[in-house]
Ligand code: COA
């Protein structure tokens, strides 16, 4: 007699499914976000990105000495192995920076002597190297693609300061560094988002941290996830002025288009990061004289709320913020990656420390069992 097996519950897109435990980050559907028990709103304006990266990786905030050492360790790991920089020169000039980054992370793997050691200390060492080198892959890759030579590292600058410097050759002002630190903090982790989940799935097979971060980079690129901040800027460029925003949105909704920078799988009462990013945008608008962007976003928000009760997500406001900081739009998603790599690595450490293979089931919807008619013989037209 055939035994009946009970079908496990199915949730399309894994919506609402709890797929694992984590001590790293909690996303509160009612517009909250905390890292290791600390509210991001408290850290966003005061902490450095290095401090938050240390917290995500190690579980506690660093004291003065530990933060100094961690910051110096990251600064000393920024250089790329020469063959990796050479590889960046071999890519077609129009390679998207996210593809460069994904390829670069993958190629870094064999240069790390700790590659196949998944112990906690070795994973922390690799995380420090990845956090340092991801930024270099982005800045060096961008300069090479634009026919310019990579600039030497400035170990006296923090990750945020060095990022500005390595892109433009200019040492940024302290307010610019503060803003980028805040942006990096906002983007650093978000529990089981798609790219982090991809990293954890990869790590759960006991593949190495570089394999996991390569998976994460590939996953982040898509416009339903990290790619939304590049797409949002195209939308804002198209709208141009606040008075055109409502009509633009109504037309797009009438065509049933997905509007980038809106909606979220978890947040239903607003994205916790939006108010901070919006404030940065307002401040930048005044500093740069580009005061049209935030009112356009606000008009879009108002219209979307009225028409579909959907909230803006952080990528809507990140797009003009990056533009006003004079980052080219194709770097919007890589900048997200430069921050999220801290979260990805923290999740890989946690996954390896308490590993169980992540392997769900699928719901089979194909044909029922049927007889195989046999392959057609050579030259035969009939079955
Ligand atoms: N624009 C227009 N409609 C949207 C929308 C958007 N950005 N986001 C969701 N919706 C609509 C859906 O079409 C759906 O409508 P329906 O019930 O009439 O079919 C409804 O809202 C529910 O959306 P759903 O697709 O179930 O949400 P999800 O949880 O599967 O998807 C996102 C979440 C983030 C993928 C989705 O909101 C989206 O594509 N947003 C745009 C991309 C983006 O900004 N990504 C960054 C996320 S931080």
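Residue numbers (the numbering used here): 145 to 527.
For each residue, glycine too, the CB sits at the ideal point set by N, CA and C.
Should residue i be listed as close to the ligand COA, given that the test is whether its C-beta is under 7 angstroms from any heavy atom?
| i | result |
| --- | --- |
| residue 457 | yes |
| residue 406 | yes |
| residue 372 | yes |
| residue 452 | yes |
| residue 159 | yes |
| residue 368 | yes |
| residue 402 | yes |
| residue 484 | no |
| residue 422 | no |
| residue 417 | no |
| residue 409 | yes |
Kindly indicate which residue of the options has the alpha-carbon position closest to the one of residue i.
| i | options | result |
| --- | --- | --- |
| residue 409 | 367, 151, 173 | 173 |
| residue 478 | 232, 438, 362, 223 | 362 |
| residue 378 | 169, 242, 467 | 467 |
| residue 336 | 430, 360, 235, 325 | 360 |
| residue 414 | 381, 458, 483, 316 | 458 |
| residue 492 | 348, 291, 391, 424 | 348 |
| residue 155 | 507, 208, 263 | 507 |
| residue 434 | 421, 412, 384, 500 | 384 |
| residue 254 | 460, 315, 519, 352 | 352 |
| residue 475 | 494, 401, 307 | 307 |
| residue 429 | 456, 446, 392, 470 | 470 |
| residue 426 | 454, 392, 329, 463 | 463 |
| residue 217 | 165, 243, 398, 302 | 302 |
| residue 419 | 237, 404, 400, 460 | 460 |
| residue 412 | 449, 165, 397, 226 | 449 |
| residue 496 | 150, 162, 166 | 166 |
| residue 417 | 208, 316, 456 | 456 |
| residue 373 | 344, 403, 354 | 403 |
| residue 184 | 227, 327, 357, 489 | 327 |
| residue 356 | 451, 207, 267 | 267 |
| residue 265 | 513, 494, 512, 504 | 494 |
| residue 291 | 432, 248, 237 | 237 |
| residue 244 | 358, 445, 398, 447 | 358 |
Residue i: buried (16+ other C-beta within 10 angstroms of its C-beta) or exposed?
| i | result |
| --- | --- |
| residue 194 | buried |
| residue 599 | Nothing about residue 599 can be reported from this structure: the residues present for the chain run from 145 to 527 only. |
| residue 339 | buried |
| residue 215 | buried |
| residue 406 | buried |
| residue 145 | Unreliable positioning characterises residue 145 in this predicted model, as indicated by a pLDDT of 41, which lies under 50. The coordinate reading is nonetheless provided below. Label assigned to residue 145: exposed. |
| residue 480 | buried |
| residue 152 | exposed |
| residue 325 | buried |
| residue 246 | buried |
| residue 501 | exposed |
| residue 147 | Confidence in residue 147 is poor, its pLDDT being 49 and thus under 50, which makes the residue's placement unreliable; the coordinate value appears in the next sentence. Flag for residue 147 reads exposed. |
| residue 453 | exposed |
| residue 319 | exposed |
| residue 341 | buried |
| residue 511 | exposed |
| residue 321 | buried |
| residue 160 | exposed |
| residue 248 | buried |
Which same chain residues, not among the five before or five after residue i, have their C-beta less than 8 angstroms away from its C-beta?
| i | result |
| --- | --- |
| residue 273 | 221, 252, 256 |
| residue 332 | 179, 193, 196, 197, 200, 483, 484, 486, 487 |
| residue 169 | 177, 178, 179, 180, 200, 333, 334, 335, 487 |
| residue 499 | 347, 348, 350 |
Among the residues of its own chain, which have a CB less than 6 angstroms from the CB of residue i, if the five just before and after it don't count?
| i | result |
| --- | --- |
| residue 395 | none |
| residue 299 | 219 |
| residue 367 | 375 |
| residue 311 | 283 |
| residue 288 | 232, 233 |
| residue 323 | 424 |
Can you list, in chain order, the residues of its chain with a C-beta nearer than 7 angstroms to that of residue i? Leave out the 5 residues immediately preceding and following it.
| i | result |
| --- | --- |
| residue 158 | none |
| residue 386 | 436, 439, 440, 443 |
| residue 529 | Residue 529 lies beyond the residue range present for the chain, which begins at 145 and ends at 527; the question has no answer from this structure. |
| residue 171 | 177, 334, 335, 410 |
| residue 191 | 329 |
| residue 269 | 258 |
| residue 518 | none |
Looking at residue i and the ligand NAP, is the gap between the Cβ and the nearest heavy atom below 7 angstroms?
| i | result |
| --- | --- |
| residue 342 | In the structure shown, the ligand NAP is absent; the only ligands present are the ligand COA. |
Consider the Cβ of residue i: report whether some Cβ of chain B lies at a distance smaller than 8 angstroms.
| i | result |
| --- | --- |
| residue 323 | Although the question refers to chain B, the structure presented lacks it and comprises just one protein chain. |
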